[in-house]
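Visitor: Structure provided below as structure tokens; questions to follow.
4 protein chains.
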Amino acid sequence: MLKRFSVSIDKLLIEQFDSFIKKNKFANRSQAIGHLVREALVGLEWEDNKEVAGALTLVYDHHKRDLVKQLLGIQHDFTNNIISSQHVHLDHKNCLEIIVVKGKAKQIRELLNRLKSIKGLKHIALTATTTGAQI
Amino acid sequence: MLKRFSVSIDKLLIEQFDSFIKKNKFANRSQAIGHLVREALVGLEWEDNKEVAGALTLVYDHHKRDLVKQLLGIQHDFTNNIISSQHVHLDHKNCLEIIVVKGKAKQIRELLNRLKSIKGLKHIALTATTTGAQI
Amino acid sequence: MLKRFSVSIDKLLIEQFDSFIKKNKFANRSQAIGHLVREALVGLEWEDNKEVAGALTLVYDHHKRDLVKQLLGIQHDFTNNIISSQHVHLDHKNCLEIIVVKGKAKQIRELLNRLKSIKGLKHIALTATTTGAQI
Amino acid sequence: MLKRFSVSIDKLLIEQFDSFIKKNKFANRSQAIGHLVREALVGLEWEDNKEVAGALTLVYDHHKRDLVKQLLGIQHDFTNNIISSQHVHLDHKNCLEIIVVKGKAKQIRELLNRLKSIKGLKHIALTATTTGAQI
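Chains as they are written, first to last, in this note's numbering: chain A, 1 to 135; chain B, 136 to 270; chain C, 271 to 405; chain D, 406 to 540.
What follows is the structure, encoded as structure tokens:
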């Protein structure tokens with residue numbers, strides 16, 4: 001349900017904001033402000049250790065001995081946080097795997113830390129997003 | 136194939152680095168240095184508009200009119216860059232979708248910009264990673 | 271000069287936003303929205319290579335041979351971009367120096383790159399801000 | 406005092422790293438590795454709430470009523486953390502001020518939060534660096 005309220009900001013700032021809106025193809029000021037507010041709130045959910053969602057993106061060479069075994073082993077310690085995963089064969093040796101996670105922000109970071117030290121991992125990144133339940 | 140070389144850094148710095156290694160559970164200095172070097176190189180691949188891989192994570196309310204239609208429409212303009220996607224039903228109304236992408240860094244950013252302005256989107260994030268081909 | 275306009279966003283989102291406002295001690299929604307909008311616009315000024323302001327923060331051991339000489343030499347190639355600098359003696363050997371810069375975003379980044387490779391530098395960071403002229 | 410140790414990393418990775426070194430004008434692998442290690446350690450000092458140094462960069466219109474008074478008032482609650490400040494007149498109305506800070510990371514963040522809500526502030530940014538004492 002939408003709710004309307006009024007905002008007063010500097011005239012010059014509004015002009016610049018309207019260019020920003022046009023550049024980013026937002027439909028109007030409300031959509032753009034909604035976007036900025038949500039960005040800020042997602043950040044806060046992670047800071048405040050709220051229930052969040054996220055994605056762990058890993059790139060690795062699947063020939064590395066024990067890598068896949070370690071990767072699965074660690075995931076099984078976090079079954080409450082792992083929803084599903086997606087696997088892409090990038091080339092003959094490289095794999096990209098994305099693990100969708102949900103839970104307290106701290107637990108998700110702990111899972112990241114556990115995975116980070118797997119031998120043979122080329123890159124790992126955590127994407128912080130929201131469950132959408134509150135925002 | 137591993138190659139060995141020697142490094143000289145400040146004694147005090149090494150001590151601090153060894154604590155960092157322990158805290159992050161890296162097996163040894165070589166693994167930790169490999170990790171830091173790869174992080175820097177992934178950043179460079181994106182800056183230099185190289186062939187990269189990535190993930191676009193979206194959270195949205197699937198009841199929003201036309202959202203799913205728009206989402207599919209835009210993706211079909213980038214079929215060369217989109218490898219696959221994964222969909223999670225977070226709750227009755229919220230969806231989390233992760234699109235795995237590959238291609239020139241600039242094209243991936245353009246896709247992000249196109250998706251960002253979809254009406255009803257709650258959050259979108261781009262995860263920058265590597266194809267692993269060069270690193 | 272302030273200008274008033276109205277915004278429609280989701281009721282639930284407003285509630286969360288009001289908590290964010292309270293937590294951050296903003297006076298009201300207008301101030302908080304102004305803050306978020308300015309943050310976005312500062313980012314855009316840097317992306318679009320506009321006239322920007324910034325700060326380069328360096329920490330170094332002043333005993334390192336030639337460091338101070340190199341530091342001054344590079345700065346003299348960027349006299350158009352450097353406004354002033356501030357020097358703090360952190361302890362017997364460590365110095366913190368902050369160089370205030372102004373100019374096109376790309377030139378500022380070039381200065382950062384030149385300084386980064388000075389031998390003996392412990393840390394360097396670029397703070398991106400605005401001249402305030404447009405926002 | 407320098408200390409030497411040997412590192413084994415992938416041959417292909419070393420080649421890419423050598424391009425990175427050349428591009429960034431680092432003198433050699435040791436300097437580049439020292440740079441990456443220090444970056445990681447500075448991050449850790451802030452995460453672990455260690456004694457750190459930093460800079461708070463503010464841009465504001467000095468005509469805004471009470472702004473300067475508020476700015477000074479808050480700083481006087483943090484005299485133990487504030488070392489010095491530098492002020493630049495960007496144009497007729499805009500000021501850039503950089504406050505050099507030192508102390509526990511959490512206290513510095515608290516000071517940032519206090520300053521963030523000052524009415525009339527255009528932008529504020531915190532630069533996280535190190536006292537250099539441990540690295």
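Glycine included, each C-beta is placed from N, C-alpha and C at the ideal position.
According to DSSP, is C:ALA323 helix, strand or coil?
Guide: Reading the third sequence from its first residue, position 53 is the one you call residue 323 of chain C. Strand at C:ALA323.
Visitor: If you reduce the DSSP assignment to three classes, tell me which class C:GLN340 lands in.
Guide: Here residue 340 of chain C is taken as the residue at index 70 of the third sequence, counted from 1. If DSSP states are grouped into helix, strand and coil, C:GLN340 belongs with the helices.
Visitor: Which residues share a DSSP beta bridge with C:LYS372?
Guide: For the purposes of this step, residue 372 of chain C is identified with residue 102 of the third sequence, where counting begins at 1. DSSP, once it has assigned bridges, lists C:ALA323 as partnering C:LYS372.
Visitor: Please report the straight-line C-alpha distance between C:GLU309 and D:LEU516, rounded to a whole angstrom.
Guide: Here residue 309 of chain C refers to the residue found at position 39 of the third sequence. Here residue 516 of chain D refers to the residue found at position 111 of the fourth sequence. Cα to Cα, C:GLU309 sits roughly 19 angstroms from D:LEU516.
Visitor: Do you know how far the Cα of B:LYS257 is from the Cα of A:LEU41?
Guide: On the first sequence, position 41 is the one that residue 41 of chain A refers to. On the second sequence, position 122 is the one that residue 257 of chain B refers to. For A:LEU41 and B:LYS257, the distance between alpha carbons rounds to 11 angstroms.
Visitor: From what residue to what residue does the beta strand (DSSP E) around B:LYS138 run?
Guide: Within the second sequence, residue 138 of chain B is the residue found at index 3, counting from 1. B:LYS138 -> beta strand (DSSP E) spans 137-145.
Visitor: For C:GLN356, which beta-bridge partners are listed by DSSP?
Guide: For the purposes of this step, residue 356 of chain C is taken as the residue at position 86 of the third sequence. C:GLN356 is bridged to C:ILE368.
Visitor: Do D:PHE431 and the ligand NAP come close, with the Cβ less than 7 angstroms from some heavy atom?
Guide: Although the ligand NAP was asked about, the structure shown includes no ligands whatsoever.
Visitor: Kindly confirm or deny that the segment 184-196 of chain B and the segment 433-440 of chain D touch, where touching means at least three C-beta pairs closer than 8 angstroms.
Guide: No: the two stretches stay apart, fewer than three of their Cβ pairs being nearer than 8 angstroms.
Visitor: With DSSP collapsed to three states, give me the class of B:ILE270.
Guide: Reading the second sequence from its first residue, position 135 is the one you call residue 270 of chain B. Coil, per DSSP.
Visitor: Exposed or buried, which one is B:ALA260 when buried takes at least 16 other CB atoms within 10 Å?
Guide: The residue labelled residue 260 of chain B in the question sits at position 125 within the second sequence. By the neighbour-count rule (16 or more Cβ atoms within 10 Å), B:ALA260 is buried.
Visitor: Starting from B:ARG249, find everything on chain D with Cβ-Cβ shorter than 8 angstroms and list it in chain order.
Guide: Numbered from its first residue, the second sequence carries residue 249 of chain B at position 114. Within 8 angstroms Cβ-Cβ: nothing; B:ARG249 doesn't reach chain D, min ~29 angstroms.
Visitor: Less than 8 angstroms between CB atoms is the rule here; does C:ASN351 satisfy it with respect to chain F?
Guide: Here the protein chains are A, B, C and D, and chain F is not one of them.
Visitor: Taking only beta-carbon positions, decide if A:ARG38 is within less than 8 angstroms of chain C.
Guide: Position 38 of the first sequence, counted from the first residue, corresponds to residue 38 of chain A. So, interface residue.
Visitor: Using the rule of at least 16 other Cβ atoms within 10 Å of the residue's Cβ for burial, across every protein chain shown, is A:LYS102 buried or exposed?
Guide: As a position in the first sequence, residue 102 of chain A is number 102, starting the count at 1. Flag for A:LYS102 reads buried.
Visitor: Once DSSP output is grouped into helix, strand and coil, what is the label at B:ASP153?
Guide: Along the second sequence, read from residue 1 onward, the residue named residue 153 of chain B stands at position 18. Helix, per DSSP.
Visitor: Which residue or residues does DSSP assign as beta-bridge partners of A:ASP61?
Guide: Sequence index remark: in the first sequence, residue 61 of chain A carries index 61 (1-based). Paired residues: A:ASN94.
Visitor: Quick check: the Cα distance between C:GLU317 and B:LEU179, rounded to an integer number of angstroms?
Guide: Here residue 317 of chain C refers to the residue found at position 47 of the third sequence. Here residue 179 of chain B refers to the residue found at position 44 of the second sequence. Near 17 angstroms, if we compare the C-alpha coordinates of B:LEU179 and C:GLU317.
Visitor: Could you have a look at D:ALA530 and say whether DSSP puts it in helix, strand or coil?
Guide: Here residue 530 of chain D is taken as the residue at index 125 of the fourth sequence, counted from 1. Reduced to three states, the DSSP call for D:ALA530 is strand.
Visitor: So with Cβ pairs under 8 angstroms, would you call D:GLY508 a contact of chain C?
Guide: For the purposes of this step, residue 508 of chain D is taken as the residue at position 103 of the fourth sequence. So no, D:GLY508 is outside the interface.
Visitor: Closest Cβ-Cβ distance between A:PHE17 and chain B: below 8 angstroms?
Guide: Here residue 17 of chain A is taken as the residue at index 17 of the first sequence, counted from 1. No - not a single Cβ of chain B is within 8 angstroms of the one on A:PHE17.
Visitor: For the alpha helix (DSSP H) that D:GLY439 lies in, which residues bound it at each end?
Guide: For the purposes of this step, residue 439 of chain D is taken as the residue at position 34 of the fourth sequence. Its alpha helix (DSSP H) spans residues 434-452.
Visitor: Does the segment 482-490 of chain D touch the segment 336-351 of chain C, meaning 3 or more C-beta pairs lie closer than 8 angstroms?
Guide: Flag = no, the segment 336-351 of chain C and the segment 482-490 of chain D do not touch.
Visitor: Against D:ILE438, what residues of chain B qualify as contacts under a CB-to-CB distance less than 7 angstroms, listed in chain order?
Guide: Within the fourth sequence, numbered from 1, the residue matching residue 438 of chain D stands at position 33. The contacting residues are VAL142, ILE144 and ILE168.
Visitor: May I ask you to verify whether the segment 412-419 of chain D touches the segment 138-145 of chain B, counting CB pairs closer than 8 angstroms and requiring at least 3?
Guide: The segment 412-419 of chain D vs the segment 138-145 of chain B: in contact.
Visitor: Let's test the definition: count the other Cβ atoms within 10 Å of the Cβ of D:ALA533 and tell me whether it reaches 16, buried, or not, exposed.
Guide: As a position in the fourth sequence, residue 533 of chain D is number 128, starting the count at 1. When all chains shown are included, D:ALA533 counts as buried.
Visitor: List the residues of chain D whose Cβ lies closer than 8 angstroms to the Cβ of B:LYS138, in chain order.
Guide: The residue you call residue 138 of chain B lines up with position 3 of the second sequence. The answer, in chain order, is SER413, ILE414, ASP415, LYS416 and ILE419.
Visitor: Chain B partners of D:SER435, CB-CB under 9 angstroms?
Guide: Numbered from 1 along the fourth sequence, position 30 holds the residue referred to as residue 435 of chain D. Ordered by position in chain B, the residues that pass the 9 angstroms Cβ test against D:SER435 are SER141, VAL142, SER143 and ILE144.
Visitor: In terms of alpha-carbon separation, which member of C:LYS389, C:ILE352 and C:GLY390 lies closest to C:GLY324?
Guide: As a position in the third sequence, residue 324 of chain C is number 54, starting the count at 1. Closest option to C:GLY324, Cα to Cα, is C:ILE352.
Visitor: Who are the neighbours of A:LEU121 on chain C, taking C-beta pairs under 8 angstroms?
Guide: To locate residue 121 of chain A, count along the first sequence from 1; it is residue 121. Per Cβ cutoff of 8 angstroms: no residues; A:LEU121 is ~27 angstroms from chain C at best.
Visitor: With a threshold of 16 other CB atoms inside 10 Å of the CB of A:GLY73, please say whether the residue is buried or exposed.
Guide: If you number the first sequence from 1, residue 73 of chain A lands on position 73. A:GLY73 should be labelled exposed.
Visitor: What's the gap between the Cα of D:LEU418 and the Cα of B:GLY267?
Guide: Working through the fourth sequence from its first residue, we reach residue 418 of chain D at position 13. Working through the second sequence from its first residue, we reach residue 267 of chain B at position 132. If you take the alpha carbons of D:LEU418 and B:GLY267, they lie about 10 angstroms apart.
Visitor: Counting only C-beta atoms, is A:ASN94 closer than 8 angstroms to chain B at any point?
Guide: Against the first sequence, residue 94 of chain A aligns to sequence position 94. Chain B, which has a Cβ nearer than 8 angstroms to the Cβ of A:ASN94, makes this yes.
Visitor: Any idea if C:ASN364 is buried or exposed, counting beta-carbon neighbours within 10 angstroms, 16 or more meaning buried?
Guide: Numbered from 1 along the third sequence, position 94 holds the residue referred to as residue 364 of chain C. Flag for C:ASN364 reads buried.
Visitor: Which same chain residues, not among the five before or five after B:ILE253, have their C-beta less than 8 angstroms away from its C-beta?
Guide: Counting from one through the second sequence, the residue named residue 253 of chain B turns up at place 118. Result list for B:ILE253: TYR195, LEU202, GLN205, LEU206 and ILE209, in chain order.
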